[in-house]
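Engineer: Sequential numbering of the sequence shown, starting at 121, is according to my numbering. Think of the CB as a built atom: it goes at the ideal place given N, C-alpha and C, for glycine as much as any other residue.
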Amino acid sequence: MENDILIDFKFKAKEKPRFGDLFLITGDEHPKFPPKSKSFAQLAPLGFEQLDDFFGILNSEETGDDVLIWLFPMLNGEEVFLGSGPFDAVRLSYSALRNSPVNISLLEECFLAFKNLPDTTVIFEDKPITDFAVVKAKVDEIVAHWRANGVEPGSDESLLIDEEEDEDWEDEEWNDEDWEDPDQDYKKN
121 MENDILIDFK
131 FKAKEKPRFG
141 DLFLITGDEH
151 PKFPPKSKSF
161 AQLAPLGFEQ
171 LDDFFGILNS
181 EETGDDVLIW
191 LFPMLNGEEV
201 FLGSGPFDAV
211 RLSYSALRNS
221 PVNISLLEEC
231 FLAFKNLPDT
241 TVIFEDKPIT
251 DFAVVKAKVD
261 EIVAHWRANG
271 VEPGSDESLL
281 IDEEEDEDWE
291 DEEWNDEDWE
301 DPDQDYKKN
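1. Decide if glycine 274 is buried, meaning its Cβ has at least 16 other Cβ atoms within 10 Å, or exposed.
2. Among residues of its own chain, excluding the 5 on either side of phenylalanine 143, which ones have a beta-carbon nearer than 6 Å to its beta-carbon?
3. Just to check my reading of the structure: leucine 191 and glycine 176 have Cβ atoms closer than 8 Å, yes? What is that Cβ distance to the nearest angstrom?
4. Classify valine 255 as helix, strand or coil using the three-state DSSP reduction.
5. Using a threshold of 8 Å, state whether the C-beta atoms of alanine 133 and aspartate 239 are closer than that.
6. What is the rounded straight-line gap between the Cα of isoleucine 243 and the Cα of proline 137?
7. How many Å lie between leucine 237 and glutamate 272 at the Cα?
8. What is the C-beta distance between glutamate 199 and arginine 218, in whole angstroms, given that I count them as a contact (C-beta under 8 Å)?
9. Measure the Cβ-Cβ separation of phenylalanine 139 and serine 215 and say whether it is below 8 Å.
10. Cβ of valine 130 within 8 Å of Cβ of aspartate 185?
11. On the CB-based measure, 16 or more other CB atoms within 10 Å of its CB, does glutamate 285 come out buried or exposed?
12. Return helix, strand or coil for aspartate 246, following the three-state DSSP convention.
13. Would you call phenylalanine 201 buried or exposed, if buried means 16 or more other Cβ atoms sit within 10 Å of its Cβ?
14. Just the Cα atoms here: how many angstroms apart are methionine 121 and isoleucine 262?
Right, here's the structure in full:
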């Protein structure tokens, strides 16, 4: 079962946001990327921080994932790594398995704030939506699935569930030399 809730907010305006515009959700201007528009500044109260190449809302509680909600800049339907923009969308990502169910209210708050940006279309499961109810129903379905299987979402046990099964991994591809420090003097027998 897919446990991640992915909500895309596509920008219809001719002038698309750049990294400096998105950075305003942190409550600050980026020193190297000045914003062209201040529309994302109104989202600063949501609590996003820059985390590597992306943005996220950190979890202040002891339970659940370290990042409650991720925000990824997007271009042509793909998440953008190390890009200055312009971006044609942003994606909110929320793990219904790794987060406590009470955090759905934060996702809804983010949904409503991003939905209210000018000239924005909301896409969930490849369909345009205007209401959070369909997202909540999907989260409820995922939570019910895991509870029926004896796992409480957001628990320590839920964090141990490996969501990505790499079918390409084969033990014979393991090479010890890949994991050795070249500056270390290893004595081989």
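Structural biologist: Straight from the coordinates:
1. Label assigned to glycine 274: buried.
2. Cβ within range, chain order: His150.
3. Glycine 176 and leucine 191 do touch by the CB rule: their CB atoms are close to 7 Å apart, below 8 Å.
4. Note: valine 255 maps to helix in three-state DSSP.
5. Yes, the Cβ-Cβ distance between alanine 133 and aspartate 239 is below 8 Å.
6. Their Cα atoms are separated by approximately 18 Å.
7. Roughly 34 Å separates the two Cα atoms.
8. The Cβ separation is near 18 Å, so there is no contact.
9. No, these two residues do not count as a Cβ contact at 8 Å.
10. Before going further, note that residue 130 is lysine rather than valine in the sequence given. For lysine 130 and aspartate 185, no; Cβs fall outside 8 Å.
11. Any reading at glutamate 285 needs caution, since the residue's pLDDT is 39, under 50, leaving its predicted position unreliable; the model's value is listed next. Counting other Cβ atoms within 10 Å of its Cβ, glutamate 285 stays below 16 and is therefore classed as exposed.
12. It is coil, neither helix nor strand.
13. Per the 10 Å Cβ criterion, exposed.
14. Going by the C-alpha atoms only, they are around 8 Å apart.
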